[in-house]
């Protein structure tokens, strides 16, 4: 994931553990002669190569790669994925991706591959049209969160929130509500999108107990994170208009004063 909060090593993890400093140094040194041969290579491209090399060394079964910028021309787009995921598209990086949601969504949809299942979080009509067009062109089946997968909020407090998850109208994960330690209804959408993607992995059976434990164990600092309660101190990394609006909606819900 990027950006990192405290250490570069947060960007590259296996089994929840950060890449060791020694491995970062060793791989960076090994890559130096290769990097020197490529004029204009970007930091993100070097990081992606380093990450993929380390994942191969670790023998990871599944790798989750977050696109750095856009999608179509992104360094992570060299992989042959099992599933592709597009989160809510809003105006961001407009100088590079374009200044309309159609242009931005078209760049993001560049990760969609022939025949590979795609998952999309809820989108504006304009962005969704571009994603649907890309899926049609690539023959990629599209799962849409908010239509095929839905959620129903339940109790929430400053420790987290519970919710019920549905796939095509059927409850997922058992009768009791699921729980995540993240605040804001946008995180319920994120959780639903993640589960929808997991459900499409070939050869993987997502058991209810594993789903419940996995969601409870989520740790995502810097996202409506409660640093102190007396007085209440909240930190969040919202950096564009859409994320700022989601932050304000959550603050009104959780911190009305």
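Residue numbers (our numbering): 215 to 471. Even glycine gets a Cβ: it sits at the ideal position worked out from N, Cα and C.
About 27 Å separates the beta carbon of residue 256 from that of residue 335, a gap too long to meet the 8 Å contact definition.
Taking every protein chain shown into account, the CB of residue 366 has fewer than 16 other CB atoms within 10 angstroms, so this residue is exposed.
Going by C-alpha positions, residue 318 is about 33 Å away from residue 376. Counted as a single uninterrupted DSSP element, the alpha helix (DSSP H) harbouring residue 457 occupies residues 455-468.
DSSP links residue 471 through a beta bridge to no other residue.
Counting along the chain, residue 298 sits inside the beta strand (DSSP E) bounded by residues 298-300.
In summary, residue 252 is exposed, with fewer than 16 beta-carbon neighbours lying within 10 Å of its beta-carbon over all protein chains present. Judged by beta-carbon spacing, residue 450 lies beyond the 8 Å limit of residue 466, meaning their Cβ atoms are not closer than that value. By the Cβ rule, the stretch 385-392 does not count as touching the stretch 353-361, because fewer than three pairs are nearer than 8 Å. Here DSSP, grouped into helix, strand and coil, assigns residue 365 to strand. Contact check between the stretch 323-335 and the stretch 289-309: three or more CB pairs, one atom from each, fall below 8 Å, which counts as touching.
Relative to the Cα of residue 355, the nearest Cα in the group 223, 410, 306, 403 belongs to 410. Nearest in C-alpha terms to residue 248, of all of 284, 237, 260, 400, is 260. Fully contained in the stretch 397-466 are the following beta strand (DSSP E) runs of length 3 or more, in chain order: 439-443, 446-449. At a Cβ-Cβ threshold of 8 Å, residue 228 and residue 258 do not count as neighbours. With a cutoff of 8 Å on beta-carbon distance, residue 340 and residue 316 are scored as near each other. By a beta-carbon distance limit of 8 Å, residue 313 does not contact residue 454. Their separation comes to about 13 Å. Of the other Cβ atoms in all chains shown, fewer than 16 fall within 10 Å of the Cβ of residue 239; this residue is therefore exposed.
Taking C-beta separations shorter than 7 Å and ignoring five residues to either side along the sequence, the partners of residue 435 in its chain run 219, following chain order.
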